[in-house]
Each structure stands twice: as structure tokens, then as C-alpha cells.
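Novice:
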Amino acid sequence: MTDIHPQVGTLVRRIVADARAFREGRLSIQGLSEDLKLSIAALLQFADPDWVEELRVFRNRVEYVNAFFIESGRADLTEEERRSVDAILEELLAGLTIE
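Okay, so the sequence shown: first residue is 340 according to the numbering used here, each after it adds one.
(1) Measuring straight from C-alpha to C-alpha, what distance separates Leu-431 and Val-355?
(2) Is it true that the stretch 389-397 meets the stretch 355-370, where meeting means three or more beta-carbon pairs spaced less than 8 Å apart?
(3) Could you check where the alpha helix (DSSP H) with Asp-415 kicks off and where it finishes?
(4) In or out: Glu-438 buried (at least 16 other Cβ within 10 Å) or exposed?
(5) Residue ranges of each alpha helix (DSSP H) run of no fewer than 4 residues wholly in the stretch 365-409, ordered along the chain?
(6) Locate the alpha helix (DSSP H) running through Gly-348, then write down its first and last residues.
(7) Look at the alpha carbon of Leu-350 and the alpha carbon of Gly-412, and state the distance between them as a whole number of angstroms.
(8) Excluding five sequence neighbours on each side, which residues of the same chain lie with their C-beta closer than 7 Å to the C-beta of Phe-385?
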């Protein structure tokens with residue numbers, strides 16, 4: 340990506356901040372999933388659709404963990420779920436590099 344719309348940078352920073360907030364325990368899995376959905380959907384207006392679709396794949400993986408968590412009725416993620424979301428976020432953040 341060479342000619343980047345300013346809004347892309349803003350949305351990418353928001354995604355990074357949301358990932359950090361989740362990792363620090365300031366954002367729930369539900370909040371993370373919803374925020375990712377909104378930010379990635381907004382990117383579609385300003386960024387390459389193929390790139391946005393790649394990001395959606397990561398968000399869908401987070402949503403899968405979220406849906407299973409909601410269905411479980413538990414108050415907290417298991418360690419395995421948390422590790423899974425952390426791994427997804429690592430991959431997602433690696434895909435946010437803007438050149």
C-alpha cells in the first residue's frame with residue numbers, strides 16, 4: 340500500500356489499541372470482537388478490499404472464540420481461550436503493517 344488514506348492509519352491504531360486493551364484486561368472478548376468488526380468494516384471504505392478481507396478472517400476467528408465463550412455461560416475465558424485469542428491477535432497485528 341503506497342498511497343494510504345489518513346483514515347486507514349486511524350483505524351489501524353484503533354485496532355492496535357483494542358488488542359492492547361484486551362491483553363491488559365481492559366477490554367472483554369465481546370468488546371474486542373465488536374470493536375474489530377466495526378474497525379475492519381470501516382476500513383473497507385478506504386483500503387484494498389483484499390487486505391480488509393484478510394483482516395476479517397482474523398476477526399472471525401476471534402468471534403468464534405467469543406461465541407463459544409458466550410455459549411459456555413462462564414464469567415472468564417479459559418487459559419486456552421486466552422492463548423488462542425492472543426495468537427490470533429499476533430497474526431492480525433502482523434497483517435496491519437502499512438508501508
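C-beta: ideal position from N, C-alpha, C; glycine also.
Specialist: A quick look at the data gives this:
(1) 9 Å
(2) no
(3) From DSSP, Asp-415 is part of no alpha helix (DSSP H); its letter is neither H nor E.
(4) At Glu-438, the pLDDT of 45 sits below 50, so the modelled position is not reliable; the number obtained from the coordinates is stated separately. Burial call: exposed.
(5) 368-382
(6) 345-362
(7) 31 Å
(8) His-344, Gln-346 and Val-347
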